[in-house]
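Chains A and B, in that order, give the protein sequences.
Taking the working numbering, the leading residue of the first sequence gets 1, the next gets one more, and so forth.
Taking the working numbering, the leading residue of the second sequence gets 1001, the next gets one more, and so forth.
Backbone N, C-alpha and C define an ideal beta-carbon position, used for all residues, glycine too.
In this text the structure is predicted, and so the values were computed from the model without any measurement.
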Amino acid sequence: MNVQKPKVAFYWCASCGGCEEAVVDLAEDILKVVEAVDIVFWPVALDFKKKDVEAMEDSSIAVSFINGAVRLSEQREMVELLRKKSRLVFAFGACSHLGGIPGLANFWNKETIFNRAYHTTPSTDNPDGIVPQEEHTLDDGKILTLPKFFDTVYALDQVIDVDYYLPGCCPPKDLIVNAIMAILEGKLPPKGAVLSPNKSLCDDCKRNETKPEKLAITEVKRPWEVMLDPEKCFLAQGIICMGPATRTGCGERCIEANMPCRGCFGPTDQVYDQGAKFLSAFASILDTNSEKEIEKIVDTIIDPAGYFYRFSLPYSILRRRRMEAVK
Amino acid sequence: MSHEAFEPKIVGFLCTWCSYTGADLAGTARMTYAPNVRIIRVMCSGRVDPQFVIKAFHEGADGVLISGCHPGDCHYQEGNYKALRRHRLLSKMLEQFGIEKERFRLEWVSAAEGAKFQQVTNEFTEQLRKMGPLKWNDGGKDECAEA
């Protein structure tokens, strides 16, 4: 093993595996990465164990890339361990950056989620009503344990100190390569930076040219309800597109596929709360001054919180539904 | 704490042209009204970013009031219409967070309507007193720290 090479770790928490795919999707570029660094921990691909990490000296890993939100006590334990062993921690992807899709569970709590998953879904087959327990003693006295399932899902920096953020679901290849090169060349921006341009998606969107001077929405439609024009601004078509409140740098993968932006890159640095900011912009372009008409249009927006905070609920100001109101 | 003894905290965003002047009129006319509203003067009800409202609830407000010029009277032509649209959509969204829509009010108060400001404040305070405190939890942070 070449001692000169910086040590790198990858870890996943509450995530879908897409971020791991994103690393593999570097394709031949991954060879450059592998040549330049020494991967010391990567559960999805390499057979290292927790005890191997525990045996390392503190701050001996140059950088840990952690994807996924924190929803279990085990994940918290692992990210705390990696924080201790690493000089830099990167929140990799929307879930660790903002809470991501798993963060939508913050509209419920442990009890309601377990009730749904283990009792009431149409496909649940659980005649004895068994629910996972944190601890179970076998007949021979052996104790089995499971991690604690939190009521709330957390973004990574709500649990440990994070140095940099790679946004996206999943982060695009060029941003990953740029970040790795910046680490290797020692050209990282100040701590806390989101490694993608600090402007909104609309700034880069090709469809911006087709946006009328004054956007005016009289009816909100969902993408499957209409034949989408492949060139026209989505908002001008009455389709909710998160572009105005979302950071750019994604390469407009969704727009290219004729789907509106869903907001996975999170807000720009000037915004605290992506959902509220989008709501502000969106409500103001509804094209009516009549109270009745406004209410009629608002009725057609089925799930505003779920839509506007699709990736950022744990990272929003309120973070979750009020506990007392969860039923 | 019983609801009788509970004093609701209300954050009120008042536009400088109409409602703030209306509130001032209530004061100079020596009308008494509930002292529960913490008034924040803004240039226009259309200036009230939904983030302000959400932050107010998060920081301990039991109710939030936005007050501006009557429809058609906005100093900036249509700022109050923007406030109206945002209010309706934000009310719906706040309910998804477990914040009842009765806790978030939009009222039109002109510069001449000191009495209306008095009435709105008193009514809103009484309504919130009946509803009880919002007690916003801060996302169960402790649960994760304790685990």
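Proximity test, Cβ basis, 8 Å: residue i and chain B
i	result
Lys277 of chain A	yes
Ser284 of chain A	yes
Ile317 of chain A	yes
Glu111 of chain A	no
Glu291 of chain A	yes
Val298 of chain A	yes
Tyr11 of chain A	no
Ala338 of chain A	The requested residue 338 of chain A does not occur in the structure, where chain A is confined to residues 1 to 327.
Glu219 of chain A	no
Phe107 of chain A	yes
Ile143 of chain A	no
Ala216 of chain A	no
Assigned exposure category for residue i - 16 Cβ within 10 Å defines buried
i	result
Gly103 of chain A	buried
Ile130 of chain A	exposed
Glu1107 of chain B	buried
Val24 of chain A	exposed
Ser196 of chain A	buried
Lys85 of chain A	buried
Ala1005 of chain B	exposed
Ser123 of chain A	exposed
Asn198 of chain A	exposed
Val34 of chain A	exposed
Leu313 of chain A	buried
Lys1130 of chain B	exposed
Asp125 of chain A	exposed
Ile61 of chain A	buried
Met1043 of chain B	exposed
is_contact[residue i, chain A] using C-beta, thresh 8 Å
i	result
Trp1017 of chain B	no
Leu1128 of chain B	no
Ile1099 of chain B	yes
Phe1104 of chain B	no
Tyr1081 of chain B	yes
Lys1009 of chain B	no
Asp1049 of chain B	yes
Ile1040 of chain B	no
Lys1116 of chain B	no
His1075 of chain B	no
His1172 of chain B	It is not possible to answer for residue 1172 of chain B, since the shown part of chain B is limited to 1001 through 1147.
Trp1136 of chain B	yes
DSSP bridge partner residues for residue i (one or two, in chain order)
i	result
Tyr11 of chain A	A:Ile66
Gly1063 of chain B	B:Ile1010
Lys221 of chain A	A:Ile239
Thr1028 of chain B	DSSP output for Thr1028 of chain B lists no bridge partner at all.
Asp38 of chain A	A:Lys7
Thr1125 of chain B	Note: Thr1125 of chain B sits in no beta bridge, so no partner.
Ser200 of chain A	A:Arg247
Tyr307 of chain A	Note: Tyr307 of chain A sits in no beta bridge, so no partner.
Arg1041 of chain B	B:Leu1014
Ile61 of chain A	A:Ser86
For the stretch 227-262 of chain A, list the alpha helix (DSSP H) runs that are entirely contained and at least 4 residues long, ordered along the chain.
253-256
Does the structure place the stretch 39-50 of chain A close enough to the stretch 91-99 of chain A that three or more beta carbon pairs sit under 8 Å?
no
Quick test of the definition: if touching needs 3 or more C-beta pairs under 8 Å, does the stretch 295-309 of chain A touch the stretch 225-232 of chain A?
Output reads no: the stretch 225-232 of chain A does not touch the stretch 295-309 of chain A.
To test your reading of the DSSP string, which unbroken alpha helix (DSSP H) runs of 4 or more residues are found completely within the stretch 73-124 of chain A?
73-85, 94-98 and 110-115
Assess contact between the stretch 74-92 of chain A and the stretch 108-124 of chain A, defined as three or more Cβ pairs (one per stretch) separated by less than 8 Å. Is contact present?
no
As an exercise, report each continuous beta strand (DSSP E) stretch of at least 3 residues that is fully enclosed by the stretch 1069-1110 of chain B, in chain order.
1104-1108
For the structure I just gave you, are there three or more beta carbon pairs, one from the stretch 272-281 of chain A and one from the stretch 1008-1022 of chain B, closer than 8 Å?
no
Assess, as a yes-or-no matter, whether the stretch 314-324 of chain A is touched by the stretch 1044-1063 of chain B under the definition of 3 or more beta carbon pairs within less than 8 Å.
yes
Inter-stretch contact (C-beta, 8 Å, three-pair minimum) for the stretch 1019-1035 of chain B and the stretch 138-151 of chain A
No, the stretch 1019-1035 of chain B is not in contact with the stretch 138-151 of chain A.
Does the pairing of the stretch 1025-1041 of chain B with the stretch 1103-1118 of chain B give three or more beta-carbon distances under 8 Å?
yes
Do the stretch 166-173 of chain A and the stretch 11-26 of chain A meet, that is, are 3 or more Cβ pairs less than 8 Å apart?
Yes, since at least three Cβ pairs between the stretch 166-173 of chain A and the stretch 11-26 of chain A fall closer than 8 Å, the two stretches touch.
Three or more C-beta pairs below 8 Å linking the stretch 1043-1051 of chain B and the stretch 239-247 of chain A
Contact between the stretch 1043-1051 of chain B and the stretch 239-247 of chain A is absent, because fewer than three Cβ pairs lie under 8 Å.
Count Cβ pairs between the stretch 47-62 of chain A and the stretch 72-83 of chain A that sit closer than 8 Å; are there 3 or more?
Using a Cβ-Cβ distance cut-off of 8 Å, the stretch 47-62 of chain A and the stretch 72-83 of chain A are in contact, since at least three pairs of beta carbons, one from each stretch, lie closer than that value.
What residue ranges within the stretch 142-205 of chain A form continuous beta strand (DSSP E) runs of no fewer than 3 residues, ordered along the chain?
143-145, 149-154 and 164-166
Three or more C-beta pairs closer than 8 Å, one from the stretch 180-197 of chain A and one from the stretch 149-166 of chain A: is that the case here?
Flag = yes, the stretch 180-197 of chain A and the stretch 149-166 of chain A touch.
Is there contact between the stretch 1076-1092 of chain B and the stretch 285-298 of chain A, where contact requires at least three CB pairs shorter than 8 Å?
yes
Using 8 Å as the threshold, is the stretch 1060-1077 of chain B in touch with the stretch 1120-1136 of chain B, meaning 3 or more CB pairs across them?
yes
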